[in-house]
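Beneath this line is the structure, given in structure tokens, with notes to follow.
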Amino acid sequence: MLAPAAGRRLRRRPEDQLRRRRQRRRPRGRFHHRGQVPAALRLEVPLGPPGHRRHRLEGRRRQGRHRSSGRSADALRAVAGPLSALRSSEAEQGRAGPVTEVNFYTGVPDRQVYACRLLRKTQAAGLTVGVWGPMRLLERLDQTLWTFDPGEFLPHLLLRGDTPELLRERTPILLSDQLDALATCRVLLNFEPGVPPGLERFERVLELVSTDAEQVAAGRARFKAYKALGLTLNHHVMSA
Numbered sequence: 076m077l078a079p080a081a082g083r084r085l086r087r088r089p090e091d092q093l094r095r096r097r098q099r100r101r102p103r104g105r106f107h108h109r110g111q112v113p114a115a116l117r118l119e120v121p122l123g124p125p126g127h128r129r130h131r132l133e134g135r136r137r138q139g140r141h142r143s144s145g146r147s148a149d150a151l152r153a154v155a156g157p158l159s160a161l162r163s164s165e166a167e168q169g170r171a172g173p174v175t176e177v178n179f180y181t182g183v184p185d186r187q188v189y190a191c192r193l194l195r196k197t198q199a200a201g202l203t204v205g206v207w208g209p210m211r212l213l214e215r216l217d218q219t220l221w222t223f224d225p226g227e228f229l230p231h232l233l234l235r236g237d238t239p240e241l242l243r244e245r246t247p248i249l250l251s252d253q254l255d256a257l258a259t260c261r262v263l264l265n266f267e268p269g270v271p272p273g274l275e276r277f278e279r280v281l282e283l284v285s286t287d288a289e290q291v292a293a294g295r296a297r298f299k300a301y302k303a304l305g306l307t308l309n310h311h312v313m314s315a
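Below, the structure is given as structure tokens:
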């Protein structure tokens with residue numbers, strides 16, 4: 076074979092030139108994550124005795140597990156406490172029912188006339204009201220209600236043994252000497268000298284006390300009795 080002439084470069088085949096270009100661009104090590112970091116640089120160098128990282132990791136896992144349980148238990152206790160108290164309070168209120176309110180009107184010059192005013196006001200508010208007292212006082216009140224205001228009619232009914240039930244249900248003002256006959260009324264006007272038994276069935280109790288000495292003494296006794304029961308008391312003075 077003849078040696079190539081001096082100063083002349085040998086022409087290489089195109090595939091040889093392409094192969095050399097690829098070799099120049101290729102790094103020595105393998106790359107990870109789209110060729111950004113060589114595999115050799117991703118090797119982790121352990122610091123410390125063998126297995127020390129495993130023990131530390133297990134300890135952290137155990138600590139995290141215990142700490143999470145403790146926080147969850149504390150959070151549950153923090154929420155369960157107020158909820159339990161609220162449910163207990165609601166249960167107590169449900170058993171006790173609504174608290175009866177007692178309104179005292181003292182210094183009333185004429186109980187019959189003032190009773191008509193209270194009955195008119197209560198009936199206008201859409202409430203059913205019952206009047207409990209001796210029959211002689213109820214019969215007088217029945218007549219007073221008819222003549223109290225000539226230009227106004229107050230629907231009322233004096234209950235007797237033969238009163239139709241349908242008529243009772245449709246009348247907003249009922250008068251009776253039997254307290255059980257007034258159990259469906261929301262408001263009770265008391266004309267008796269004592270405290271009505273089972274008054275918790277009513278939302279409100281009205282008490283009228285005149286200037287008579289006997290009436291004043293009986294009214295004071297009822298006021299003390301209502302107060303001892305823990306009821307809400309409102310006092311309205313009609314005269315000085």
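So that you can map any letter, position 215 of the sequence shown is 290 in this note's numbering, and since no number is skipped, the others follow by simple counting. Cβ atoms here follow ideal geometry from the backbone N, Cα and C, with glycine treated the same way.
Could you give the residue range of the alpha helix (DSSP H) that holds L220?
L220 -> alpha helix (DSSP H) spans M210 to T222.
Could you tell me the distance, in whole angstroms, from the CA atom of V291 to the CA atom of V284?
Using only the alpha carbons, I get a separation of about 6 Å.
For T286, which residues of its own chain have a beta-carbon under 8 Å away from its beta-carbon, when the five flanking residues on both sides are left out?
Taken in chain order, the residues that qualify are G182, V183, P184 and S314.
Does R142 pass the burial test, meaning 16 or more other C-beta atoms within 10 Å, or should it be called exposed?
Confidence is the limiting factor: at R142 the pLDDT is only 49, short of 50, which leaves the residue's position unreliable, though a coordinate-based value still follows. Its Cβ having fewer than 16 others within 10 Å, R142 is exposed.
Note the first and the last residue of the continuous beta strand (DSSP E) segment covering G205.
Per DSSP, G205 is one residue of the beta strand (DSSP E) stretching across V204 to W207.
Reducing DSSP to helix, strand and coil, say where E244 ends up.
Correct three-state label for E244: helix.
Report the CB separation of P230 from T219 in whole angstroms; it is logged as a contact under 8 Å.
A Cβ-Cβ separation of about 15 Å leaves P230 out of contact with T219 under the 8 Å criterion.
Just reading off the beta strand (DSSP E) that L281 is part of, what are its end residues?
Residue range R279 to S285 is occupied by the beta strand (DSSP E) that includes L281.
Return the chain-ordered list of same chain residues with a C-beta closer than 7 Å to the C-beta of K302, the five sequence neighbours on each side being excluded.
For K302, same chain residues with a beta-carbon under 7 Å away, outside a window of 5 residues either side, are L308 in chain order.
Give the single residue among G294, L263 and C191 whose Cα lies nearest to the Cα of P225.
Nearest of G294, L263 and C191 to P225, Cα basis: C191.
Please go through the same chain and pick out, in chain order, the residues whose beta-carbon is closer than 6 Å to the beta-carbon of V312, but skip the five residues on each side of it.
Hits under 6 Å: T181 and G182.
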